[in-house]
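Each remark here refers to the structure printed beneath this line.
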Amino acid sequence: YIRQTLSQWGMVESHEFLIGAKTHSNWVLNLPAQNQVNRPVILIGAHYDTVPGSPGADDNATGVAVLLEMARAFHAEPARHPIRLVAFDFEETSYDRAGSTHYARSLKDQLRLMISLEMLGYCVSTPNSQLYPIGLKYFYPNQGNFIGLIGNLKSIPDLIHLRRNIRQAGVNCELLPVPNNGKILPLTRRSDHAPFWDRGDRALMITDTADLRNPNYHKASDRLETLDLDFLTGICHGLITGIRSL
4 YIRQTLSQWG MVESHEFLIG AKTHSNWVLN LPAQNQVNRP VILIGAHYDT
54 VPGSPGADDN ATGVAVLLEM ARAFHAEPAR HPIRLVAFDF EETSYDRAGS
104 THYARSLKDQ LRLMISLEML GYCVSTPNSQ LYPIGLKYFY PNQGNFIGLI
154 GNLKSIPDLI HLRRNIRQAG VNCELLPVPN NGKILPLTRR SDHAPFWDRG
204 DRALMITDTA DLRNPNYHKA SDRLETLDLD FLTGICHGLI TGIRSL
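Last residue of the sequence shown? That's 249 in our numbering, and every number before it is there in order.
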């Protein structure tokens, strides 16, 4: 379904990698920049695998849904930079086995920016519904009604730019810059952006913070009816507007 949907907007390439004797595929669609200008690529990725036993509505069908909508939007109205959309396989595993790690290691050129779409649809305004790693709760809201942007230090200008656009779309947004590729705060490395941090790219993760908020994380209860689709839609619109103007 992902490959078929992306193929409406251009040629979809398969980036294959082996896990044991089994071949897995990342699906890749490249979209040109405005006026075919030669600028570095913005790579936007979302993993399409789930843990066994979970339908994965938030983790990570929400990310895939936004990825597919971005393909339509950036085909219809290109961004200033070329856009590369990648549906990653095998994220729900160890770092070395993940599809994003295999893909990052295959790249030769530096990217303008890498964005990982990682769980975008769970929103709750109940007091004390948001948890944090030790120390961060003093600086951020205790309600889980915002989307988080987590990036390395070199991505700080992009974090600020995207936060502004997401807030203009009507969604609360908080950012967290982390030094040393997130190694002092390992929770910030839990998605497809981490191998791009490690290769020196500007990279960030967009997330509803997973199990720090969503009680359905990695469970059979991670279903569509638990999600806030208005929240998800606002994030999508804000990101498209912000990415288009980077």
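The C-beta atom is built at its ideal place from N, Cα and C for all residues, glycine as well.
First and last residue of the alpha helix (DSSP H) that includes residue i?
i      : result
Asn168 : Ile159 to Gln171
His105 : Gly102 to Ser109
Ala60  : Element bounds for Ala60: n/a, residue is neither H nor E.
Pro198 : Ala197 to Asp201
Leu9   : Ile5 to Leu9
Residues in its own chain within less than 6 Å of residue i by CB, not counting five upstream and five downstream?
i      : result
Asn266 : As displayed, the chain neither begins before 4 nor continues past 249, which places residue 266 out of reach and without an answer.
Val31  : Glu16, His18 and Val89
Leu178 : Leu152, Leu162 and Arg166
Leu215 : Leu134
Glu228 : none
For the beta strand (DSSP E) containing residue i, name the first residue and the last one.
i      : result
Met122 : Premise fails: Met122 is in no beta strand (DSSP E) and is neither H nor E.
Arg50  : The sequence shown places His at residue 50, not Arg. Ile45 to His50 is the extent of the beta strand (DSSP E) around His50.
Pro254 : The structure shown does not extend to residue 254, since the chain is modelled only from 4 to 249, so the question has no answer here.
Quick one: what's got a C-beta closer than 7 Å to residue i's C-beta in the same chain, skipping five residues either side?
i      : result
Pro130 : Asn145 and Gln146
Asn29  : His18, Val89, Ala90, Phe91, Asp92, Gly102 and Tyr106
Cys176 : Phe149, Ile150, Leu152, Arg166, Ile169 and Arg170
Thr104 : Tyr98 and Pro198
Phe234 : Gly124, Cys126 and Val174
Ser128 : Gln146 and Asn148
Taking the DSSP output, what are the residues bridged to residue i?
i      : result
Glu228 : Paired residues: none, contrary to the question.
Arg87  : Asn33 and Leu46
Ser97  : Note: Ser97 sits in no beta bridge, so no partner.
Ser28  : Glu19
In this structure, does DSSP put residue i in helix, strand or coil?
i      : result
Pro144 : coil
Ala82  : coil
Phe77  : helix
Gly23  : coil
Thr3   : The structure shown does not extend to residue 3, since the chain is modelled only from 4 through 249, so no value can be given for it.
Asn33  : strand
Gly154 : strand
His221 : coil
Glu72  : helix
Val15  : strand
Asp149 : Note that residue 149 corresponds to Phe in the displayed sequence, not to Asp. Three-state result, Phe149: coil.
Pro189 : helix
Asn131 : coil
Ile137 : coil
Thr253 : The requested residue 253 does not occur in the structure, where the chain is confined to residues 4 to 249.
Asp204 : coil
Arg115 : coil
Arg216 : coil
Val40  : coil
Asp92  : coil
Leu249 : coil
By Cβ distance, which residues of its chain are closer than 8 Å to residue i, with the 5 residues on each side in sequence left out?
i      : result
Arg108 : Pro198 and Arg202
His27  : Glu19, Phe20, Leu21, Asp92, Phe93 and Gly102
Ser158 : Leu116, Pro180, Arg205, Ala206 and Leu207
Exercise. Within the chosen definition, does the segment 132 to 148 reach the segment 220 to 228 through at least 3 CB pairs nearer than 8 Å?
Worked result: No: the two stretches stay apart, fewer than three of their Cβ pairs being nearer than 8 Å.
Exercise. Would you call the segment 192 to 200 and the segment 208 to 220 in contact, with 3 or more CB pairs under 8 Å?
Worked result: yes
For this session: Specify whether the segment 35 to 44 and the segment 111 to 121 touch according to this definition: at least 3 beta carbon pairs, one from each stretch, less than 8 Å apart.
Result: Contact between the segment 35 to 44 and the segment 111 to 121 is present: three or more C-beta pairs spanning the two stretches fall below 8 Å.
Exercise. Can you find at least 3 beta carbon pairs, one from the segment 48 to 56 and one from the segment 94 to 101, that sit closer than 8 Å?
Worked result: yes
Exercise. Pairing CB atoms from the segment 232 to 239 with CB atoms from the segment 67 to 76, are three or more of them under 8 Å?
Worked result: yes
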